[in-house]
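Protein chains in written order, with this note's numbering: chain U, 1 to 347; chain C, 348 to 694. Ideal placement from N, C-alpha and C gives every residue a C-beta, glycine not left out. Just so you know, these numbers come straight off a predicted model, no measurement behind them. First up is the structure itself, then whatever we jot down about it.
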């Protein structure tokens, strides 16, 4: 009898392990932030190849995503799609989603003094102006946690929408060294008499952006999204004017006539990532007769990005298989050598 | 001792149930097809509200997705994003992904007689021409299975890419009654001397499309995707010419200059769904002063679609909460009555 029970327990335990393991495409971690004096929940997803035993252990760029509660579920497969072989448009990345506790406090760069039109003793968005603290939490605490617990490249991107877009652009202005690239979807640049626009104008004048930085800005059709104190259109329009006469930041703006404020993040994140990583994709067919092209293209891409990117080991394996299958012997040998040069400990 | 074992088993069993249940956003089912004389694996995902105990049991349109292996993981969250409150761009749908066994056989509408240029005794794509069988499997066997096991509306959409796009358009031509709407991403219309283009030309001439049908066609930049026997560009170009001079099919074509054949499905599916369901989204802010607008807009939308669509119970609850929160008492009462009219058994 006891033997049977033991067997049942072992079976159940094995099943549990299988299920727990198969669910682990999202790690939900709790981190206590000293800066914010509170616990924060972080959702982390690693790329498909992260745990692969077929390749050497690689490092990955990191994407920090605000408002994870509403964006994580679709950004996670979006990244996997964009990085998939044989047509990767971007490298595989680690996704770090930050969930909210007090969203307005964290995302806004100044304290609101706007009074309610209904009740003038009430200040709207009273608990605001915490962006500097929130940026410090991300930079000094969250990034350390991620770097210590995951294999990361020193390349990171910040993605935000609405107040999160405001925070994203404010972080670029205040701390251009914190991230390499920024995606701001329909940012609330109207905040506090467009204070972030003014800061951006000054930062550009002061030559603050010394290295190649990328900024993608999506804009929804906000003609029905005006209120007495928040003019989305005017805030973004002024920002566009400021950005149009500079060449320090690699900048792209896209207007989405079929999207509204609450829907624009999906195509905004897709097209923003495509903009940042433009030039990453190489054409495998062209490599058969001109194998050196791969190195040339990655060099040009890395130069544009201000950071060295290399073809992944999985992509090189794919190329080698392609050359083998199509009997391009010389190219196959070239890529085998090239792979060993980059991945000495290749399996 | 036995008591402790029993407790451990109960605990393990409960944990197993929790995990199995939480994994059930994808049902993987095996169906034996008499038409194809083989077993087929189908992946099914139901909408978030499907099992909700807060609303009455609803029925859902069904999206049939070809090449599920490479498309299911991102289409599933894409549907959830597009249907989410408070900005639904489409109704919640059941997603049915069809995985492949013999892709070329199933997707192609005629038997290939093209000889290999290297070895003239070898016929390329020899096992081809099974589209009619595959369409029969979907229509008579798979659809019955889905209708018998899930709560479905009689509205369905077919999504396919490449050979799957060819199959999609061929199904529209041969069986316009099988689906209400069709998305074909970069379809291989070059197949067999553009036989499907010729069939479409004839079908349009014969007035075969008597009801409103929707077709969305995405086209990648294929200038580097030509081979001696498959001219993607020419096939699609001729199809566009045929479709440009008709008004029976609600048709939209989009060219993607930054996408290649292997990457175009992602934005193609997103924009295809947006095209089909254009007019579904209503603006909640406008409803406060004009509550009748909701019914008017749903009526116009249903007319366009040739099928009755109603606002979901969850969306109506959202509207009622919005009216309550913003103190639009009359509108709140209007929508409470309206909801009871549609959902008599509302909870």
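Look at the alpha carbon of residue i and the alpha carbon of residue j, and state the distance between them as a whole number of angstroms.
i	j	result
residue 503 (chain C)	residue 328 (chain U)	46 Å
residue 370 (chain C)	residue 392 (chain C)	Bear in mind that the predicted position of residue 370 (chain C) carries a pLDDT of just 45, short of 50, making it unreliable; the figure below should be weighed with that in mind. The alpha-carbon atoms of residue 370 (chain C) and residue 392 (chain C) are separated by roughly 11 Å.
residue 368 (chain C)	residue 101 (chain U)	At residue 368 (chain C) the pLDDT is 41, less than 50, meaning the model places this residue with poor confidence and gives no usable figure here.
residue 291 (chain U)	residue 317 (chain U)	14 Å
residue 65 (chain U)	residue 77 (chain U)	14 Å
residue 646 (chain C)	residue 625 (chain C)	13 Å
residue 151 (chain U)	residue 27 (chain U)	15 Å
residue 40 (chain U)	residue 32 (chain U)	6 Å
residue 238 (chain U)	residue 202 (chain U)	14 Å
residue 207 (chain U)	residue 437 (chain C)	46 Å
residue 599 (chain C)	residue 256 (chain U)	18 Å
residue 42 (chain U)	residue 192 (chain U)	29 Å
residue 518 (chain C)	residue 167 (chain U)	49 Å
residue 453 (chain C)	residue 666 (chain C)	45 Å
residue 269 (chain U)	residue 461 (chain C)	43 Å
residue 610 (chain C)	residue 112 (chain U)	45 Å
residue 527 (chain C)	residue 306 (chain U)	49 Å
residue 285 (chain U)	residue 88 (chain U)	14 Å
residue 308 (chain U)	residue 214 (chain U)	16 Å
residue 628 (chain C)	residue 641 (chain C)	10 Å
residue 680 (chain C)	residue 402 (chain C)	19 Å
residue 516 (chain C)	residue 376 (chain C)	27 Å
residue 176 (chain U)	residue 36 (chain U)	22 Å
residue 224 (chain U)	residue 121 (chain U)	28 Å
residue 62 (chain U)	residue 297 (chain U)	22 Å
residue 339 (chain U)	residue 331 (chain U)	12 Å
residue 71 (chain U)	residue 234 (chain U)	26 Å
residue 483 (chain C)	residue 601 (chain C)	30 Å
Please state whether DSSP places residue i in a helix, a strand or coil.
i	result
residue 23 (chain U)	Residue placement at residue 23 (chain U) is poorly supported in this model, since its pLDDT is 45, which falls under 50; the coordinates still yield a value, given next. DSSP places residue 23 (chain U) in helix when its eight states are reduced to three.
residue 365 (chain C)	Bear in mind that the predicted position of residue 365 (chain C) carries a pLDDT of just 45, short of 50, making it too unreliable to give a figure here.
residue 583 (chain C)	helix
residue 375 (chain C)	strand
residue 123 (chain U)	strand
residue 157 (chain U)	strand
residue 566 (chain C)	strand
residue 184 (chain U)	strand
residue 515 (chain C)	helix
residue 578 (chain C)	strand
residue 140 (chain U)	helix
residue 451 (chain C)	helix
residue 686 (chain C)	helix
residue 208 (chain U)	coil
residue 540 (chain C)	helix
residue 325 (chain U)	helix
residue 278 (chain U)	coil
residue 636 (chain C)	coil
residue 458 (chain C)	coil
residue 482 (chain C)	helix
residue 644 (chain C)	helix
residue 424 (chain C)	helix
residue 649 (chain C)	helix
residue 331 (chain U)	helix
residue 588 (chain C)	helix
residue 200 (chain U)	helix
Strictly by DSSP, which residues pair up with residue i?
i	result
residue 130 (chain U)	Residue 130 (chain U) is not bridged to any residue.
residue 443 (chain C)	C:391, C:411
residue 33 (chain U)	U:38
residue 252 (chain U)	U:216
residue 739 (chain C)	With chain C covering 348 to 694 only, the question about residue 739 (chain C) has no answer from this structure.
residue 573 (chain C)	C:578
Is there at least one Cβ from chain A nearer than 8 Å to residue i's Cβ?
i	result
residue 80 (chain U)	Among the protein chains in the structure shown, which are U and C, there is no chain A.
Using 8 Å for Cβ pairs, my map puts residue i next to residue j. What's the rounded Cβ distance?
i	j	result
residue 472 (chain C)	residue 455 (chain C)	7 Å
residue 486 (chain C)	residue 525 (chain C)	5 Å
residue 80 (chain U)	residue 420 (chain C)	7 Å
residue 216 (chain U)	residue 275 (chain U)	5 Å
residue 635 (chain C)	residue 673 (chain C)	7 Å
residue 578 (chain C)	residue 537 (chain C)	5 Å
residue 532 (chain C)	residue 589 (chain C)	At roughly 18 Å, the Cβ-Cβ gap does not stay under 8 Å, so residue 532 (chain C) and residue 589 (chain C) are not in contact.
residue 50 (chain U)	residue 93 (chain U)	Residue 50 (chain U) to residue 93 (chain U), Cβ: 10 Å. No contact.
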